[in-house]
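Trainee: Using my numbering, the letters of the first sequence correspond one by one to residues 1 to 484.
C-beta atoms are modelled at their ideal positions from N, C-alpha and C, and glycine is treated no differently.
Below: one structure in structure tokens.
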Amino acid sequence: MSLFIYNSLGRTKEKFEPLHPGIVSMYVCGPTVYGHAHLGHAKSYVSFDVVVRWLRQSGYRVKYVQNITDVGHLTDDADEGEDKIMKQAHLEKTDPMEIAQFYTRSFYEDMDWLGVMRANIAPAATAHIPEQIDLVERLVKSGHAYEVNGNVYFSVKSFDGYGKLSGRTDQDALQSGIRVGIRSDKRESSDFALWKKADEGHLMKWNSPWSIGYPGWHLECSAMSMKYLGETIDIHGGGMENKFPHHDCEIAQSEAATGKPYVRFWMHNNMVTINGIKMGKSLKNSINLKDLFRETDPLVIRFFILQSHYRSQLDYSETAIKASASGLEKLRETRRRLREQKDGSGVFDCEPFARRFTEAMDDDFNTPVAIAVLFELSKAINAALDHNEGMSRQSREGVETFLDQAGRETLGILNQEEQNGNREKKDCVKKLGEVMLILLELRAEAKKNKDFILSDKIRNLLLDVGIEIKDTKEGAIWSDKSGG
RNA sequence: GGCGAAGUGGCCGAGUGGUUAGGCAGAGGUCUGCAAAACCUUGUACAGCGGUUCGAAUCCGCUCUUCGCCUCCA
Numbered sequence: 001m002s003l004f005i006y007n008s009l010g011r012t013k014e015k016f017e018p019l020h021p022g023i024v025s026m027y028v029c030g031p032t033v034y035g036h037a038h039l040g041h042a043k044s045y046v047s048f049d050v051v052v053r054w055l056r057q058s059g060y061r062v063k064y065v066q067n068i069t070d071v072g073h074l075t076d077d078a079d080e081g082e083d084k085i086m087k088q089a090h091l092e093k094t095d096p097m098e099i100a101q102f103y104t105r106s107f108y109e110d111m112d113w114l115g116v117m118r119a120n121i122a123p124a125a126t127a128h129i130p131e132q133i134d135l136v137e138r139l140v141k142s143g144h145a146y147e148v149n150g151n152v153y154f155s156v157k158s159f160d161g162y163g164k165l166s167g168r169t170d171q172d173a174l175q176s177g178i179r180v181g182i183r184s185d186k187r188e189s190s191d192f193a194l195w196k197k198a199d200e201g202h203l204m205k206w207n208s209p210w211s212i213g214y215p216g217w218h219l220e221c222s223a224m225s226m227k228y229l230g231e232t233i234d235i236h237g238g239g240m241e242n243k244f245p246h247h248d249c250e251i252a253q254s255e256a257a258t259g260k261p262y263v264r265f266w267m268h269n270n271m272v273t274i275n276g277i278k279m280g281k282s283l284k285n286s287i288n289l290k291d292l293f294r295e296t297d298p299l300v301i302r303f304f305i306l307q308s309h310y311r312s313q314l315d316y317s318e319t320a321i322k323a324s325a326s327g328l329e330k331l332r333e334t335r336r337r338l339r340e341q342k343d344g345s346g347v348f349d350c351e352p353f354a355r356r357f358t359e360a361m362d363d364d365f366n367t368p369v370a371i372a373v374l375f376e377l378s379k380a381i382n383a384a385l386d387h388n389e390g391m392s393r394q395s396r397e398g399v400e401t402f403l404d405q406a407g408r409e410t411l412g413i414l415n416q417e418e419q420n421g422n423r424e425k426k427d428c429v430k431k432l433g434e435v436m437l438i439l440l441e442l443r444a445e446a447k448k449n450k451d452f453i454l455s456d457k458i459r460n461l462l463l464d465v466g467i468e469i470k471d472t473k474e475g476a477i478w479s480d481k482s483g484g
């Protein structure tokens, strides 16, 4: 069995083999940190988190780099517009670096809630200015870039195959679409900035051979990807909206500088929409994760995201989230039930499910199908446990191992207990268990005496504080549903 | 205008040339003091119109609609 990945470059699924056997180099475009993360960020980073996890499950050593863009780029490639981080700094009456730091921390906080594992290296653009200057120098020397008035531009004409990723290869057609009358030193309007001279009052600026200024907005990914992963990497991921111009520019400047292929597999994840319209910071319709987490278990959000394919648009609605919450709860319930189950004699083989799960994941990370397999497994497990013979110890352990590997390690959706199990809370949890035993015993006594008013009262009052009691054949069991 | 993606049952959402995706919601049932959970049963879906084919929702063409990119954006 082998892994197939949809490569945006070529638009087909291709068999994945890393450049160096056993080791995968992977770079994913990180966030620009000038505001709190929203649901769109969640979709992107959860999706790539699962990609990394699955590659690791498949036995690869993955070197995963995800940058933090802490330089505010201009809102426009035509030398106009404002620097977003600087703008936010003005708004918050502080300086750009504080803005960047604040929102970087906020970003990681949200990603932690979503169970997104940290990248191996998370380089900041501002910490790699020399590397970026270096790359620009290489391009100037080789004739792919030119300097005018302290600004340096990449000459698109000098690079054959510009636009091959997005399919925008006809530069003349592109030019005609670009509005006229821009004030710029560019030779061609499709040329893009590698280095910009800082205006008066621009706060984030560095010395360079050309001017005191700041790097162009495509540059950091190329420079940092090459520094940490080499000149040719296996996988580069990012949002679809970055195909053009960002990724096409990255390819051009990188390959022009090295003469080698920049990226072997390009992966692009699709957008989150609300009522069919793209969610975006600029559109002011984005759903802030911190707000969302107030009402919804972050892992429900993760599950909701993984229930659709990463290359599909995901339409947000409250009813869709609720449906996901119920679905995930069903899987969690099965996981819990399995854990509390006494040994029986029935034999249960989860191998067919494991095989189908692997097939789904190997088919371009098809998490919706993988999750469907878990639902079918859940049904089969429950049916087996409902049966008088139950499940033998060996069978149960086999199923638990698979569920931990698939649901927890790979998809990251069945790890609630771990999240709740903060060290400092351990003692509390233990005490709660003891207290619950007492309550359940009292309730059992009431039931025995047919005092259903009292037994129901105990159950209802506990439910009010988030503890659910269920009567089963083997007596009452309880679970804490309040912990998120 | 150029480049690209997509239209699936009440909702979300996979997939595919002929055989059940899955989840949520709904209906009926089993179990239960009741509840919850679980299980069983239940849904003649694939935008429209042509064409290819023994057979298409799946391939081709046209039409309609939606969305993304062509300004920063996950």
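Less than 8 Å separating the beta-carbons of A476 and L440?
Mentor: Contact annotation: A476 and L440 have beta-carbon atoms nearer than 8 Å.
Trainee: How many angstroms separate the CA atom of N88 from the CA atom of Y103?
Mentor: According to the sequence provided, residue 88 is Gln. The question's Asn does not apply to it. Computed Cα separation, rounded: 11 Å.
Trainee: Which residue wins for smallest C-alpha separation from A198, given the options S189, S190, S208, D191?
Mentor: S208
Trainee: Have a look at Q66 and N388 and give me their C-alpha separation to the nearest angstrom.
Mentor: 51 Å
Trainee: Measure the C-alpha to C-alpha separation of R459 and T94 and round it to an integer number of angstroms.
Mentor: 53 Å
Trainee: Assign S225 to one of three DSSP states: helix, strand, or coil.
Mentor: helix
Trainee: Excluding the five sequence neighbours on either side, which residues of its own chain have a C-beta within less than 7 Å of the C-beta of G181, listed in chain order?
Mentor: Low local confidence applies: a pLDDT of 42 at G181 is under 50, so the model's placement there is unreliable, with the coordinate-based value given in what follows. Result list for G181: empty, nothing under 7 Å.
Trainee: Could you tell me if E131 is buried or exposed, where buried requires 16 or more neighbouring beta carbons within 10 angstroms of its beta carbon?
Mentor: buried
Trainee: Do T273 and E231 have their CB atoms nearer than 8 Å?
Mentor: no
Trainee: Would you report the Cα separation of G163 and L411, rounded to the nearest angstrom?
Mentor: 34 Å
Trainee: With DSSP as the reference, label V538 as helix, strand or coil.
Mentor: This structure gives no information on residue 538, because the portion of the chain shown stretches from 1 to 484.
Trainee: So, at 6 Å on beta carbons, what are the nonlocal neighbours of P96 in its own chain, with the 5 sequence-adjacent residues on each side left out?
Mentor: In its chain, beyond the 5 residues on either side, I85, M86, A89, L203, M204 have a beta carbon closer than 6 Å to the beta carbon of P96.
Trainee: Are three or more beta carbon pairs between the stretch 352-367 and the stretch 45-65 nearer than 8 Å?
Mentor: yes
Trainee: With 16 as the cutoff for other CB atoms within 10 Å, does V136 come out buried or exposed?
Mentor: Flag for V136 reads buried.
Trainee: Please determine if the stretch 150-164 and the stretch 248-258 are in contact, where contact requires at least 3 C-beta pairs separated by less than 8 Å.
Mentor: yes
Trainee: Tell me, please, which residues DSSP counts as bridged to E14.
Mentor: I5
Trainee: Report the option in I301, D349, E397, E468 whose CA atom is closest to the CA atom of D112.
Mentor: Considering only alpha carbons, the answer is I301.
Trainee: Excluding the 5 residues flanking I129 on each side, which residues of the same chain have their C-beta closer than 6 Å to its C-beta?
Mentor: Answer for I129: W206, listed in chain order.
Trainee: Once DSSP output is grouped into helix, strand and coil, what is the label at H218?
Mentor: coil
Trainee: Could you say if the stretch 183-196 and the stretch 261-280 meet the contact criterion of at least three C-beta pairs nearer than 8 Å?
Mentor: no
Trainee: In the DSSP assignment, the beta strand (DSSP E) including I235 goes from what residue to what residue?
Mentor: 233-239
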